[in-house]
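Colleague:
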Amino acid sequence: MTENRSNSDRVVGLGIDVGGTFSDSVLLDLNAGRVLSKAKSPTTHDDLVKGIERSVGLLDESLFPEIRLVSLSTTLATNALVEGRKSRIAAILPGYKPSQCPQEFIRDIHLVRGGHTAEGVELAFLDLESVQRIVEDTREKVEAYAISSYFSTRNPSHELQIKELVERLAPGKPVACGHDLSLKLNAGHRATTTILNAHLIPLIRDLLQSVKKVLVNYSIQAPLMVVKGDGSLFREEVCLERPVETILSGPAASVVGAGFLLKGSAEEAVVLDIGGTTTDIAVLKGGLPRLNDKGVAVGPWQTHVAAVDVRTVGLGGDSHIRTDHAGEIQIGPQRVEPLCVLGMRFPRLQRQLESVLATPARDPRFTPTAFWFRTDKPEPSRLADKERKLLRVLSGGPLNIFEFAKSLDAYPVTFVDDLTRLEHERLVQTAGFTPTDMFHIRGTYTFGNRECSETAGRFLAGQAGADLNDFLLQVNEIFNRKAALEMVDSLSAQPVGYGRQEQTCPACRQMWRNCFWERDTEVRRTNLGPFSIRLSLDLPLVGIGAPAHLLVPRLARAVHTESIVPENAEVANALGAIVGTILVNGQVLVRPLSPKGFACFTSAGKVVHPTLEESLTYARKFLTEHLSGEVRRFGGNGAELNLREERKQANLSSGQEILVEVILYGQAVAKPRFQTTHGKPS
Numbered sequence: 001m002t003e004n005r006s007n008s009d010r011v012v013g014l015g016i017d018v019g020g021t022f023s024d025s026v027l028l029d030l031n032a033g034r035v036l037s038k039a040k041s042p043t044t045h046d047d048l049v050k051g052i053e054r055s056v057g058l059l060d061e062s063l064f065p066e067i068r069l070v071s072l073s074t075t076l077a078t079n080a081l082v083e084g085r086k087s088r089i090a091a092i093l094p095g096y097k098p099s100q101c102p103q104e105f106i107r108d109i110h111l112v113r114g115g116h117t118a119e120g121v122e123l124a125f126l127d128l129e130s131v132q133r134i135v136e137d138t139r140e141k142v143e144a145y146a147i148s149s150y151f152s153t154r155n156p157s158h159e160l161q162i163k164e165l166v167e168r169l170a171p172g173k174p175v176a177c178g179h180d181l182s183l184k185l186n187a188g189h190r191a192t193t194t195i196l197n198a199h200l201i202p203l204i205r206d207l208l209q210s211v212k213k214v215l216v217n218y219s220i221q222a223p224l225m226v227v228k229g230d231g232s233l234f235r236e237e238v239c240l241e242r243p244v245e246t247i248l249s250g251p252a253a254s255v256v257g258a259g260f261l262l263k264g265s266a267e268e269a270v271v272l273d274i275g276g277t278t279t280d281i282a283v284l285k286g287g288l289p290r291l292n293d294k295g296v297a298v299g300p301w302q303t304h305v306a307a308v309d310v311r312t313v314g315l316g317g318d319s320h321i322r323t324d325h326a327g328e329i330q331i332g333p334q335r336v337e338p339l340c341v342l343g344m345r346f347p348r349l350q351r352q353l354e355s356v357l358a359t360p361a362r363d364p365r366f367t368p369t370a371f372w373f374r375t376d377k378p379e380p381s382r383l384a385d386k387e388r389k390l391l392r393v394l395s396g397g398p399l400n401i402f403e404f405a406k407s408l409d410a411y412p413v414t415f416v417d418d419l420t421r422l423e424h425e426r427l428v429q430t431a432g433f434t435p436t437d438m439f440h441i442r443g444t445y446t447f448g449n450r451e452c453s454e455t456a457g458r459f460l461a462g463q464a465g466a467d468l469n470d471f472l473l474q475v476n477e478i479f480n481r482k483a484a485l486e487m488v489d490s491l492s493a494q495p496v497g498y499g500r501q502e503q504t505c506p507a508c509r510q511m512w513r514n515c516f517w518e519r520d521t522e523v524r525r526t527n528l529g530p531f532s533i534r535l536s537l538d539l540p541l542v543g544i545g546a547p548a549h550l551l552v553p554r555l556a557r558a559v560h561t562e563s564i565v566p567e568n569a570e571v572a573n574a575l576g577a578i579v580g581t582i583l584v585n586g587q588v589l590v591r592p593l594s595p596k597g598f599a600c601f602t603s604a605g606k607v608v609h610p611t612l613e614e615s616l617t618y619a620r621k622f623l624t625e626h627l628s629g630e631v632r633r634f635g636g637n638g639a640e641l642n643l644r645e646e647r648k649q650a651n652l653s654s655g656q657e658i659l660v661e662v663i664l665y666g667q668a669v670a671k672p673r674f675q676t677t678h679g680k681p682s
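Under the working numbering, the sequence shown has 121 at position 121, and the numbering climbs by one with no breaks.
1) Compute the distance between the beta-carbons of V683 and L63, then report whether it is under 7 Å.
2) State whether the stretch 227-235 contacts the stretch 115-127, with contact taken as three or more CB pairs (one from each stretch) at a distance under 8 Å.
3) Does DSSP put K294 in a helix, in a strand, or in coil?
4) Sorted by chain position, which residues of the same chain lie with C-beta nearer than 7 Å to A80's C-beta, five sequence neighbours on each side aside?
5) Throw me the rounded Cβ distance for the S603 and L196 pair, which I believe falls under 8 Å.
6) State yes or no: is the C-beta of E614 nearer than 6 Å to some heavy atom of the ligand COA?
7) Pick helix, strand or coil for N458, following the three-state DSSP scheme.
8) Would you call F404 buried or exposed, if buried means 16 or more other Cβ atoms sit within 10 Å of its Cβ?
9) Under 7 Å, do G250 and T75 count as touching if we go by C-beta distance?
10) If you reduce the DSSP assignment to three classes, tell me which class Q330 lands in.
11) Note down, in chain order, each residue of its chain lying with its Cβ closer than 7 Å to the Cβ of S536, except the 5 sequence neighbours on either side.
12) Quick one: measure Cβ to Cβ for V669 and A639, integer angstroms, because I've assumed they're closer than 8 Å.
13) Let me make sure I understand the geometry here. Which of K671, V121, K86 has the alpha-carbon closest to that of R743?
14) For A548, I'd like the list of residues in its chain whose CB is within less than 6 Å of its CB, leaving aside the five on either flank, ordered along the chain.
15) What do you reckon, are the CB atoms on A574 and V26 nearer than 7 Å?
16) Among the candidates I441, I16, A124, whose CA atom is the shortest distance from the CA of T455?
17) Would you kindly report the start and end of the unbroken alpha helix (DSSP H) that includes V56?
18) May I ask which residues mark the beginning and end of the alpha helix (DSSP H) holding H440?
19) Output the distance between the C-alpha atoms of P398 and R205, rounded to the nearest integer angstrom.
20) Does the count of Cβ pairs from the stretch 63-73 and the stretch 156-172 closer than 8 Å reach three?
21) Give a yes or no on contact between the stretch 290-299 and the stretch 334-351, applying the rule of three or more CB pairs nearer than 8 Å.
22) Measuring CB to CB, does A124 end up less than 7 Å from R133?
23) How would you call R348, buried or exposed, if buried means at least 16 neighbouring beta carbons within 10 angstroms?
24) Three Cβ pairs or more, each shorter than 8 Å: is that satisfied between the stretch 627-635 and the stretch 582-599?
25) Which residues does DSSP list as the beta-bridge partners of N642?
26) Within the stretch 246-284, note down every full alpha helix (DSSP H) run reaching 4 residues or more, in order along the chain.
27) Between Q302 and H189, how many whole angstroms is the CB-CB distance? I'm expecting something under 8 Å.
28) Taking S182 as part of the beta strand (DSSP E), name the residues at either end of that continuous run.
29) Taking the alpha helix (DSSP H) that Q103 belongs to, which residues open and close that run?
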C-alpha cells in the first residue's frame, strides 16, 4: 500500500520487523510522521533474509532514493537462545569460584586467578600467563570471547587487560566484557549475560551482513540501526558488540509503535500485539514501554538485560483450534497454517475435508482437520529412511493423520513422532483450523478458501456438541478468556498464575467463565445460570498486529474497557523500529573510605578523592562525558542529558547520621543521525 506525497524536505525512514509469522516493512516520512508505503511477507525461518527481501520489495521502490535511515527489529536473539542455538566461544572468568559460574556453560568457562573486592581492591594479581595460554589454545577453535571478572562493576581493570591481550593474540575475534554490559551486582547473572552475548555475536553478524546485502540490492544507502529490548536504537556496529541487548527487540518495537500510532491520545494503556503465533501483552506508561529493570529471563537464563516488561501468550491469528477426547475446545499454543490459506494452494483440500465430515469419528487422540504438507526447504542428506518415506508420501499434497496411515498401511502412533521431528526441522508444516478460518466463516476476513474453513468448522462444532454459530461463539469466548487471564496475571502486583488455576480448579474455572462470557447470550445463560461477575480494566486496550481489529474490540468488551485499534496497526512493529530514539543510561557510585577519602566507581575504573564534593564533581563530569560519547557511538545526533543523585545514609546508635553512598544516575536521549542527500550523516 502506497501514499504519494511530494515534498522536497521529506526525510524517509525504512522500518523492518522480522516476526514469527510475517516480516513487515514500512516507509515513513520522519518529518511528517506519515506512512508512505507498507508491506508484509511471510517470515522465512530457514533464511530470514528471504522474507525481509520480499517484504521490502513490495514497497514503493520510487521512494528508495529518499531513504535516509533504516532500522531493524528482530526476534533472532530471543529465538536463538530459546532454541538453544550457540556459537563456539571461550569465557574467561578471573576471580570466580566454580560454584559461582553458570553451570549451563561450564564447558566454555576458563577460571583464572584475579578479580576484585566490593571496594575495588584486587583479590589477587591477574594471572596473565594463564590467560595467554587459554587464548593461544582456543583462538583457532572459537568465534568469540567473553570476559567477566569478579566485581568488575567496582574495578574493570582485569577485564580491560584481558581484552587487550585477546585482541593482540587473536586479532579480529570479538570480545565481550561484563562491565560494558552491566553495572548491576550478582556475578553469576553478569557472567551469564556476557557469555550469552558472546554466543550471539556470530549469529547477529551474519544477519546484519545479509540485511545490508538486501539494502545494497535495492540501492538503499543509509545508516542501519537495530532495536534494543528496551525499545531504543543503536548502530549496527554497536549491536555487533552487544547483541544480547536485542533480546525482546520485537515486542519492544511493537509497544513503541503503538505509542507512536496513538499520537498522545493515551499516555497509559495495555498493548496487545496479536500476531500469527503469539500475543504479546505490555504496558504503555507515559507513552513509553514499561521496562523490567531487574533483567529479562530467556529460557533458563536470568540476564542483566533491561528490556520491555512483556507477557507472551501462545495465542494468535494462526493458533491451532481443535477438540480433545472429551469434546472440549482447545486453542494454541501451536501455530499452524490456516486451512483457508492451504486450500488456495491445494484445491483438492476441500474434498479431503468433506470426506472428514462424512466419516464416522475415529481415534480421538488425533485431529482429522489437521493436515501435514511439505515446505520448500531442501531435503538434507542426514535423514533416516523412514523420514524420507514420509516426505515422499507428502510429495502429492497435504494429508491428515488418517490419510497418512492409509498410505503407509500403518497405525498413526508408529510414525507421528517422525512427523513431529520433520516439523521441527521445518521440512513439513501443519495446517489446521484457526481464528483466521473463523474470520473467513463470518465473512470478516476473506482472502482464502472459505469453503475449507466452513467444512472444518462444522466438523469441529459437531465434535464439541454444538452448531457452527455456537461453536464460533465458544471459540471467541475461550480466546478472550485466555488472553484476559494472562492480562490479569501480568498486570497484577502479585501474579499467581490465573491461567493455571483455571485449568486445575473447577471453582476457578466457573468463576473466570462467568467473568468473560459475553453478556446476555444463550450460551452464557445455559452454562452459568443467572449469576454474573464483572471484571473491569481501568486502562484502554490498544490492539496492534494484523488480526487486532477482529479480536481486540470483543476482548475489550469482555473486560469492560475502551478498545483502540489505530490506523496502520498491522505494521506497528516496523513503525516502532523506525521511530525509536537513542537512549543511554549510566551510573557512578561514590563511597566513603576508611579512615578518610571517597572512592568514585565508574565504568572506567576506581578514582579516589580527598573530599566528597571533589568526588561528586568528578562523577558528574565523568557521567556527562560518558553519556555524550555513548550517544555519538550509538548513532545519536545531539543529546538531552538528565542527571539525578540518590544518597543513602544510616543512623548510628548514638543518633549520628553517616553517609553510606551516593549513586549518580544519568540518562541521555537523542534522535538517530540519518544520511543527508550528500551521503554524510546529518
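Positions of the beta carbon are idealized from the N, C-alpha and C atoms, including for glycine.
Modeller: Checking against the coordinates, here is how it stands:
1) Shown here, the chain extends from 1 to 682; a query on residue 683 therefore has no answer.
2) no
3) coil
4) L200, L203
5) Not really, about 20 Å apart at Cβ, beyond 8 Å.
6) What this structure holds is no ligand at all, so the ligand COA is not there to describe.
7) The sequence given here has Arg at residue 458, not Asn. Three-state result, R458: helix.
8) buried
9) yes
10) strand
11) V559, H560, T561
12) 7 Å
13) This structure leaves residue 743 out entirely; the chain is present only between 1 and 682.
14) I274, V565, A569
15) yes
16) I441
17) 48-57
18) 435-442
19) 37 Å
20) no
21) no
22) no
23) exposed
24) yes
25) Q667
26) 249-262
27) 5 Å
28) Element bounds for S182: n/a, residue is neither H nor E.
29) Unbroken run through Q103: none, as it is neither H nor E.
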